[in-house]
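Residue numbers (our numbering): 2 to 335.
Cβ atoms here follow ideal geometry from the backbone N, Cα and C, with glycine treated the same way.
Please read these numbers as outputs of a predicted model, since none were measured by experiment.
Here is the structure we will look at, set down as structure tokens.
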Ligand SMILES: NC(=O)C1=CN([C@@H]2O[C@H](COP(=O)(O)OP(=O)(O)OC[C@H]3O[C@@H](n4cnc5c(N)ncnc54)[C@H](OP(=O)(O)O)[C@@H]3O)[C@@H](O)[C@H]2O)C=CC1
Ligand SMILES: CC1=C(/C=C/C(C)=C/C=C/C(C)=C/C=O)C(C)(C)CCC1
């Protein structure tokens, strides 16, 4: 086809994509069935992960639950089993590449191939950069970003072979715009968004239209992970209150089950992304100050410090290698 004709066709397809998107707003598209699928959720021991697992279980999927916290993960598994779901729980630290690949092998042998992968587990350092131990920064990158590579490398090949599957990336609105003091989190979530977008393009490029991807970018959710995070009181009260976890997961599930490529919850987040892309930096700073978004993490840091003081010991230090010259994370792969 000559380039002029092709351009007309592309223009037509672009317009049709707009029309389709508008129609999806007005008429809710039907949700696909996940009955009989094998769905793996990371970070299933609590918060959004536990709710995602419940939603998939209620729709007849078999659940494979991964979490670093064995007790919490087992509690999720027990609750789902009690409601009749088929569930297997695995303790896995997804920041360790070898742990991911080895647990993936066990899942394949004990349950079968995973067809829906929900990369949900996440962490935050909870301190501004210059007060933050290097290990905590590395942990955020490893859990929130690098683990997505290992998980997808472990489970995508089978999805591609069968041209059937779904990869869900739970990122964050802070993977699309940022604020002060959570460099570790923003960098790792921007990384996850970039990873997800490239992966989605790759799947399209090789024509595997049976393998879908969905990127989830929520605003602040009331799970406790960001307890204390606060914007200007009037804006929080009248315009933008923290999301309830159940609402967030309900919206995300609808996006997954209708094969949407991405969802920001609430929709106002799209406006923030747009604003950030077109306004001059000084205007963005000015608006942040007005909305109380510039220092929204400060009360979160204070809350986090209070939590650590009460517990005396910092829980993340358990994960530190005893000999700093040995890379314990991936030692058995080298
Ligand atoms: N809460 C919020 O405001 C928002 C959260 N998100 C994202 O949503 C996802 C879920 O968050 P949320 O439910 O709030 O967080 P939670 O802290 O409530 O749950 C996260 C779960 O992941 C587990 N986990 C942590 N590290 C690892 C690891 N190395 N390997 C395996 N599991 C691990 C945690 O275990 P343990 O408790 O033992 O650490 C916990 O069970 C995260 O990716 C988060 O970044 C996105 C937007 C907003
Ligand atoms: C920066 C910013 C805002 C505040 C965002 C906040 C407070 C996000 C918190 C997100 C979290 C905690 C995500 C976790 O993954 C506004 C007021 C929306 C608009 C202006 C820019």
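Practice item. Determine the burial state of residue 44: buried for a count of at least 16 other Cβ atoms within 10 Å of its Cβ, exposed for fewer. Key: Indexing the chain shown from 1 puts residue 44 at position 43. Burial call: buried.
Review point. Which partner residues of residue 66 appear in the DSSP bridge assignment?
Key: As a position in the chain shown, residue 66 is number 65, starting the count at 1. DSSP output for residue 66 lists 42 and 90 as bridge partner(s).
Practice item. Would you mind sorting residue 219 into buried or exposed? The rule is 16 or more other CB atoms within 10 Å of its CB. Key: Taking the chain shown and counting its residues from 1, one reaches residue 219 at position 218. Buried, since its Cβ has 16 or more Cβ neighbours within 10 Å.
Check your understanding: Quick one: complete beta strand (DSSP E) runs, 3+ long, within the region 161-191?
Key -> 166-171
Point to revise | Member of 42, 253, 166 and 193 whose CA lies at the smallest distance from the CA of residue 210 | key: Within the chain shown, numbered from 1, the residue matching residue 210 stands at position 209. Taking only the C-alpha atoms, the option nearest residue 210 is 166.
**Study point:** residue 306, DSSP secondary structure in three states
**Key:** As a first step, residue 306 must be located in the chain shown, where it is residue number 305. It is helical.
Point to revise | Helix, strand or coil at residue 223 [DSSP, three-state] | key: To locate residue 223, count along the chain shown from 1; it is residue 222. DSSP places residue 223 in coil when its eight states are reduced to three.
Practice item. Tell me, to the nearest whole angstrom, how far the beta carbon of residue 65 is from that of residue 115; I am working on the premise that it is less than 8 Å. Key: Mapped onto the chain shown, residue 65 falls at position 64. Mapped onto the chain shown, residue 115 falls at position 114. Yes, residue 65 and residue 115 are in contact; Cβ-Cβ is about 6 Å, under 8 Å.
Point to revise | Cα-Cα separation, residue 154 to residue 127 | key: What you label residue 154 is simply residue 153 of the chain shown in a count that begins at 1. What you label residue 127 is simply residue 126 of the chain shown in a count that begins at 1. If you take the alpha carbons of residue 154 and residue 127, they lie about 29 Å apart.
Check your understanding: Tell me the DSSP bridge mates of residue 265?
Key -> If you number the chain shown from 1, residue 265 lands on position 264. 218, per the DSSP bridge assignment.
Review point. In angstroms, rounded to a whole number, what distance separates the CA positions of residue 321 and residue 239?
Key: The residue labelled residue 321 in the question sits at position 320 within the chain shown. The residue labelled residue 239 in the question sits at position 238 within the chain shown. Any answer about residue 321 is weak, because its pLDDT of 49 lies below 50 and its placement is not dependable; what the coordinates show is given next. Cα-Cα distance, rounded: 44 Å.
Practice item. Classify residue 280 as helix, strand or coil using the three-state DSSP reduction. Key: Counting from one through the chain shown, the residue named residue 280 turns up at place 279. Correct three-state label for residue 280: coil.
Point to revise | Collapsed DSSP secondary structure at residue 260 in the structure displayed | key: Counted from its first residue, the chain shown places residue 260 at position 259. Three-state result, residue 260: coil.
Practice item. Measure the C-alpha to C-alpha separation of residue 334 and residue 149 and round it to an integer number of angstroms. Key: Reading the chain shown from its first residue, position 333 is the one you call residue 334. Reading the chain shown from its first residue, position 148 is the one you call residue 149. Per-residue confidence for residue 334 stands at a pLDDT of 36, beneath the threshold of 50, marking its modelled position as unreliable; the derived number appears in the next sentence. Straight-line Cα distance between these residues: approximately 18 Å.
Check your understanding: Hey, quick one: how far does the alpha helix (DSSP H) through residue 52 stretch, first residue to last?
Key -> Taking the chain shown and counting its residues from 1, the one referred to as residue 52 is at position 51. Where residue 52 is concerned, the enclosing alpha helix (DSSP H) stretches over 48-59.
Point to revise | N- and C-terminal bounds of the alpha helix (DSSP H) containing residue 120 | key: As a first step, residue 120 must be located in the chain shown, where it is residue number 119. Element bounds for residue 120: not the alpha helix (DSSP H) but the beta strand (DSSP E), 117-120.
Practice item. Please determine, among 191, 195 and 158, the residue with the shortest C-alpha to C-alpha distance to residue 340. Key: The structure shown has nothing for residue 340, since the chain only spans 2 to 335.
Practice item. Would you kindly work out how many angstroms separate the C-alpha atoms of residue 1 and residue 245, rounded to a whole number? Key: What the structure shows of the chain is the stretch from 2 to 335, and residue 1 is not part of that stretch, so it cannot be assessed.
Point to revise | Buried or exposed by the 16-neighbour rule on C-beta atoms within 10 Å, applied to residue 17 | key: If you number the chain shown from 1, residue 17 lands on position 16. Classification for residue 17: exposed.
Review point. Residue 250 and residue 52 look like a contact to me (Cβ under 8 Å); what is the Cβ gap, rounded to whole Å?
Key: As a position in the chain shown, residue 250 is number 249, starting the count at 1. As a position in the chain shown, residue 52 is number 51, starting the count at 1. Contact flag correct, Cβ pair sits at about 4 Å.
Exercise for review: Determine, using beta-carbon pairs with one atom in the region 274-289 and one in the region 60-77, whether at least three such pairs fall under 8 Å.
Suggested key: Segments in contact, no.
**Study point:** residue 1 beta carbon near ligand 1 (any heavy atom closer than 6 Å)
**Key:** This structure gives no information on residue 1, because the portion of the chain shown stretches from 2 to 335.
Review point. Hey, would you say residue 169 sits closer than 7 Å to residue 104, going by beta carbons?
Key: By one-based count along the chain shown, residue 169 stands at place 168. By one-based count along the chain shown, residue 104 stands at place 103. No, Cβ-Cβ distance for residue 169 and residue 104 is not below 7 Å.
Check your understanding: By DSSP, does residue 331 sit in helix, in strand, or in coil?
Key -> Residue numbering aside, residue 331 sits at position 330 when the chain shown is read from its first letter. At residue 331, the pLDDT of 39 sits below 50, so the modelled position is not reliable; the number obtained from the coordinates is stated separately. In this structure, residue 331 counts as helix in the three-state DSSP scheme.
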